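One structure is given below, encoded as structure tokens.
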Amino acid sequence: MLDVIVVGARCAGAATALLLARQGHRVLVIDQDRFPSDMRLSTHLIWHAGVDLLQKWNVLDAVRASLCPPLTAFSLDLGPVVLKGRPAQANVGAAFAPKRVVLDQILLEAAVAAGAELREGLLFDGVLWDGPRVVGVRVKNPDGSVSEETARWVVGADGRHSAVASAVGSQPYHAFPKEQGSLNTFAYFSGMSLKGAEFVSRPRRLGYAWQTNDDQVLVGMVMPGREARMPRAEVEARFFEELELTSPLLAARVRAGRREGDWISTSINTFCREPSGAGWSLVGDAGLTMDPITMAGITNALRDAESLANALHQGLSGGQELDEAMLGFKDQRDHVSVPFHLFSQEVAALLPVTDNVQRLCRDVAGSQQEIDRYFGMWAQTVPLASFLQA
Ligand SMILES: Cc1cc2nc3c(=O)[nH]c(=O)nc-3n(C[C@H](O)[C@H](O)[C@H](O)COP(=O)(O)OP(=O)(O)OC[C@H]3O[C@@H](n4cnc5c(N)ncnc54)[C@H](O)[C@@H]3O)c2cc1C
């Protein structure tokens, strides 16, 4: 019998499968997509805490080999001050922004190399129950037939519209509609001079740009989700209007480049879901979808995948009862990921900065060590609570 079935084979699912397979467990990963497969709704930034995990799992060299540049220079233009620095307490000391067709494939190939079985083009169609306990999945195969697979544990890593979450009846909490979040508009540009990652913060606007694969730069503008969307035909003109107002210098550099591909503009609902029950768990966006303004979804998915794999390993290898082992996973989510979701939601409102924040910026700007700790909070190498309470 299989130990674990993972539904969803991108960053959360592939990472979970990789870690479990390396610990000797029998893992099946299924996905409705076929890989390599891209993902449009992502700006790809993996913060330092996530990069440190990729390094620990020996997959970071493959990211580097994809010619994805390390992002070591960070600047945040707050208007009165521009903070420049490097997140504190990071091992590798860089962020990366690999396109998802690159990142997800690297994790998936590593999972398969470690012994996980991958079945593509399979649609998850429901869970199998034994009384109150989930004991497997029902899937629709590419030829239209339906089949069943049983396992000791089922992991839903199937993204924010998780069908696994619906099937097990996982309840959402800390949920926010898209109007309370951010509206993110972005595109890829080539021929643009930019090294590292740059952020420009103004009232109700956050402009950003960073390097990704193919010698391209991702350039975007975040606005409050409560504002009207840009009409599709006017996105380019409106984007540049906004960027000129936010940062004329960045706008000039973007204009000197060439847009590659379409504009993407989106806002999403965010939430936590109950992460675990009898025979099942949720990881990545399936269990916790946060506002993209903090670019933390992938880092969160990788961290939670490790914590889930560790808990499952404890339970599957007999070190602990499986259900009891899951308490460790829930605990780390409650103490790290859930607070970051709530923090992201506050940031996403893009409210005018308060006196307190202005004071914080002035205090931080006086010390390079504090600037690096501030960047470390975003990079999740410095605990959120320790920074905000300091
Ligand atoms: C606009 C935008 C920008 C973002 N930018 C960033 C960023 O810069 N940095 C960052 O860290 N995060 C970012 N995020 C968040 C990030 O994209 C997500 O957190 C991340 O994709 C979550 O990964 P996942 O593996 O949990 O789910 P997903 O990437 O959504 O993968 C889910 C997988 O499950 C499969 N699946 C779904 N349903 C089924 C089914 N029924 N049967 C079989 N398979 C199924 C899908 O095919 C898919 O392959 C952004 C999000 C948005 C919306």
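With the sequence shown counted from 1, adding 160 to any position gets you the working numbering. Using N, Cα and C, we set each Cβ at its ideal position, and we do this for glycine too. Note that the coordinates shown come from a computational prediction; the quantities given were computed from them, not determined experimentally.
- Residue Ala508 holds the alpha-carbon nearest to the alpha-carbon of Leu343 among Cys521, Asp193 and Ala508.
- Distances taken from the Cβ of Ser330 to the heavy atoms of ligand 1 include none shorter than 8 Å.
- Between the alpha carbons of Val211 and Ala254 lies a gap of roughly 7 Å.
- In this structure, the CA atom of Leu288 is about 5 Å from the CA atom of Val297.
- CA-CA distance, His495 to Gly341, rounds to 22 Å.
- Scanning the segment 318 to 357 for uninterrupted beta strand (DSSP E) segments of 3 residues or longer gives 332 to 336 and 342 to 350, listed from N- to C-terminal end.
- Under DSSP, Met381 takes part in a beta bridge, and its partners are Thr345 and Gly367.
- Between Ser427 and Gly385, the CB-CB gap stays under 9 Å.
- DSSP places Phe489 in the helix class (H, G or I) of the three-state scheme.
- In its chain, beyond the 5 residues on either side, Leu238 have a beta carbon closer than 6 Å to the beta carbon of Ser361.
- Proximity to Val498 across Gly488, Asn460 and Pro337 peaks at Asn460, based on C-alpha coordinates.
- Relative to ligand 1, the beta carbon of Thr459 is positioned inside 8 Å of a heavy atom.
- Among the bridge pairs identified by DSSP, Phe359 is matched with Leu236 and Tyr368.
- Spatial neighbours of Asp375 in its own chain (CB-CB distance under 7 Å, excluding positions within 5 residues in sequence) are listed in chain order as Ser350.
- When the five nearest sequence neighbours on each side are left out, the beta carbons in the same chain lying within less than 6 Å of the beta carbon of Ala175 are those of Leu267, Leu462 and Ala465, in order along the chain.
- For Ala508, the secondary structure class from DSSP, reduced to helix, strand or coil, is helix.
- Distance from the CA of Leu180 to the CA of Val262, rounded to the nearest whole angstrom, comes to 21 Å.
- Take Gln505, set aside five residues on each side of it, and the residues of its chain with a beta-carbon closer than 6 Å to its own are Phe336 and Asp451, in chain order.
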